[in-house]
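All remarks here apply to the structure that follows.
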Amino acid sequence: MQLIDIGANLTHDSFDRDRDAVLARAREAGVVQMVLTGASREHSPMALDLARQHPGFLYATAGVHPHHAVEYTDECDAEMRALHAHAEVVAVGECGLDYFRDFAPRPAQHRAFERQLQLASEVRAADGQRKPLFLHQRDAHADFMAQMKNFDGRIGAAVVHCFTGERQELFDYLDQDWYIGITGWLCDERRGAHLRELVKHIPAERLMIETDAPYLLPRSLKPMPKDRRNEPMFLAHIVEELARDRGEDVELTAANATAATRTFFRLPDARRPGPAVSLPW
C-alpha cells in the first residue's frame, strides 16, 4: 500500500529532535511521498529546503496561512514568487480565511488571500501549467467562496485541505471540482463524527489524505504516543478509518487517494528516496 501525505508540517520545532527518524518511520508505514506545508514567511523556505534534501520523496507548498496574514507585504509577495521558481514547490498556499481563531484581522486575511490568489493565477510550473492551490477555510465559508469566485477561470486546481466542515460546504466545493483533504479529524468522536457520513460523498478522484502533523493526532489511535504528537506514519491509520467509513477496501481507498494526489500535484511515481540529511535549524 502506497500512501502520500498531502499536508505535513515537518518544519515544526517539535520535529527538531528526531526529524530523520520521523521520515524513516513514515517510509516504513508505506508513505512514499509527502507534501510539506509552507504556511508563513519563516516556514515556507524551510519546507523548500527540507524538500530539496529528499528529492523524489518530499515536496513543498509556499504560502501564508490566514493566521499570519499581517506578514503578507510586498516583500513577502516577492519572497513567495521566488520560492515558486523552484520545482519542488508544487502548490500555492496554505492560504485562505480563518474566522474561528481570528489570529489576524479579517481585512488583513482578505488582502493576503487575494494576493495569493493573484499569485496562483500567474505562477507556472515547469510544464507551463498553473500551480494548484492549497486552501484553508474555517468558519468563513461565504467570504471564502466569494473571494474564490472572483478568480473563476484564472486559477488551476484547488484542494480544501483538512476539511472539517458541514454538508453544504462539502458540496459547494465539489460543485467547483475542487479536491478535498481528509485528516485524523475524522477519528475524533467529539468533533468529527459528522465526517463519517460525509466522506462517502467525495468522489474517489477528488479525495486526498493528510495528517497535518504534528497537529490532529487521531483520537482512535491505539496506543497513543506519549507526547501526543502526530506524525506521517499515522497516515495508515487515517486511511483505514476512511476506507471503513466509505465502505471500501483499504487498498482501494489508498490507491485512489494516491492517484488523485499525483494528478493534483503532478508528482512523479515515487522513486527510492535518498538518505535523510539533518538540517541546521
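The sequence shown begins at 0 in numbering that gives the first Met the number 0 and counts up one residue at a time. The beta-carbon is built from N, C-alpha and C at its ideal position, and this holds for glycine as well.
- Ranked by Cα distance from Y98, the options E121, V91 and H67 are led by H67.
- The region 1-21 makes contact with the region 209-226: 3 or more CB pairs, one atom from each, lie closer than 8 Å.
- By the 16-neighbour rule on beta-carbons within 10 angstroms, G37 is buried.
- Shown here for G95: same chain residues with a beta carbon closer than 7 Å to its own, the five before and five after excluded, namely P65, F112, L134, H135, Q136 and F143 in chain order.
- Burial state of P202 is exposed, judged by a 10 Å Cβ sphere holding fewer than 16 other Cβ atoms.
- Taking the CA atoms as reference points, A139 sits about 13 Å from L169.
- Residue burial is scored here from C-beta neighbours: A256 has at least 16 other C-beta atoms within 10 angstroms and is therefore classed as buried.
- Assignment of M232 by DSSP, reduced to helix, strand and coil, places it in the helix class.
- Residue state for F99 is assigned as coil, using DSSP reduced to three classes.
- Under DSSP, T210 shares a beta bridge with no residue.
- In the DSSP assignment, H135 falls within the unbroken beta strand (DSSP E) covering L132 to R137.
- In this structure, V122 lies near H83, with their beta-carbon atoms less than 8 Å apart.
- For A157, the secondary structure class from DSSP, reduced to helix, strand or coil, is strand.
- Out of L241, E87, M232 and R24, the CA that lies nearest to the CA of L194 is found in L241.
- Excluding five sequence positions before and after Q108, the CB atoms of its chain that fall closer than 6 Å to its own CB belong to P65, A68 and L96, given in chain order.
- Closest in alpha carbon position to N229, among M45, G246 and R218, is R218.
- Contact annotation: M79 and L118 have beta-carbon atoms nearer than 8 Å.
- In this structure, the beta-carbon distance from C161 to W184 falls below 8 Å.
- In the DSSP assignment, D4 falls within the beta strand (DSSP E) that extends over L2 to A7.
- Closest by C-alpha distance to A235, out of K225, D226 and L251, is L251.
- Runs of the beta strand (DSSP E) spanning 3 or more residues and lying entirely within the region 33-80 occur at 57-61, in chain order.
- For R123, the three-state secondary structure derived from DSSP is strand.
- DSSP, reduced to helix, strand and coil, places A90 within a strand of the structure shown.
- Each residue's CA atom was taken as its position, placing V198 and D244 some 7 Å apart.
- DSSP, reduced to helix, strand and coil, places I181 within a strand of the structure shown.
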